[in-house]
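In the working numbering, the protein residues as written are 157 to 376. The beta carbon of each residue, even a glycine, is placed where N, CA and C say it ideally should be. Since the model is a prediction, treat every value here as computed from it, not as a measurement.
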Amino acid sequence: MKVIIFLGPPGVGKGTQCSLLNSRLGVKHISTGAIIRQEIASESALGLKVKGIVESGHLIDDKSMFLCLENALSSMTLNQNDIVLMDGIPRNLSQAKEFDTLLSKFLSKVDLVLSLTADLEKLVERFERRWTCSACGKVDSIAAHTEVSRYSCVSCGKLGSMFRRKDDEPETVRRRFTVYQQETFPLVSYYADRNLLSIVDGLKSPEIVYAEIVSILMRK
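Laid out in structure tokens, this is it:
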């Protein structure tokens with residue numbers, strides 16, 4: 157398998173691009189949230205342990221996370237030409253080295269790292285337009301100064317159902333950005349030194365970002 161890691165601060169569009177690549181090109185997409193939910197649903201010993209950690213509000217330890225990831229990879233039917241997108245892991249240098257070790261078990265390695273970049277204040281502006289429907293969960297971008305109470309969800313049509321998640325509040329966005337800069341951003345240099353890094357402006361429209369990513373993939 158060919159492994160591609162997505163890096164970038166919260167809200168830069170990593171999940172959006174992974175979803176587009178998955179739906180249009182058929183590439184595999186692994187996100188930390190999905191593999192955790194998958195392990196919990198299996199009701200394995202590991203799944204029960206992880207469920208307890210999640211319900212207690214604590215962060216999942218690296219050992220448990222990588223066991224979940226190993227199980228997820230093992231459950232997938234992959235050949236040497238399949239592309240696997242990694243979204244949310246690794247998050248720091250320690251995890252990056254552990255990830256290399258895990259991939260070696262599958263006779264694989266990291267082939268490409270895509271770093272989606274964005275200015276903090278531009279991200280804050282993006283999140284300020286981000287609202288979620290309480291009825292169907294659809295996320296929508298709503299222009300500033302719109303009277304949200306009179307806005308109907310574009311997905312289910314419900315009136316006045318849009319709300320802003322706590323994670324989308326400006327203070328939370330700034331805090332998460334700081335954590336990213338401290339813990340994850342050093343991976344940019346780590347992978348650049350290994351000639352694996354490509355940088356993409358994450359503030360462009362999703363379709364333009366997608367086109368640039370596909371262009372990079374075609375050159376690899």
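| Item | Value |
| --- | --- |
| Neighbour-count burial assignment, Val240, 16 or more Cβ in a 10 Å radius | buried |
| Residue burial classification, Leu181 (beta-carbon count within 10 angstroms, cutoff 16) | exposed |
| Burial state of Ala228, where buried means 16 or more other Cβ atoms lie within 10 Å | buried |
| Whole-angstrom C-beta distance between Asp243 and Ile186, which should lie under 8 Å | 7 Å |
| Rounded straight-line distance, which links the Cα of Phe283 to that of Glu363 | 19 Å |
| Residue interval of the beta strand (DSSP E) (run including Val210) | First-last for Val210: 201-212, but that is the alpha helix (DSSP H), not the beta strand (DSSP E). |
| For Asp102, three-class secondary structure by DSSP | Because the chain here runs from 157 to 376, residue 102 falls outside it and cannot be looked at. |
| Residues bridged to Asp357 (per DSSP) | Thr273 |
| Any non-hydrogen atom of the ligand FMN within 7 Å of Asn351 CB | For the structure depicted, the ligand FMN is absent and the ligand set is empty, with no information on it obtainable. |
| Rounded distance between the beta-carbons of Gly164 and Thr302, thought under 8 Å | In fact, because the Cβ distance is near 27 Å, the residues do not count as touching under 8 Å. |
| CA-to-CA distance, Met374 to Leu177, given in whole angstroms | 13 Å |
| Element boundaries [beta strand (DSSP E), containing Phe255] | From DSSP, Phe255 is part of no beta strand (DSSP E) but of the alpha helix (DSSP H) over 249-261. |
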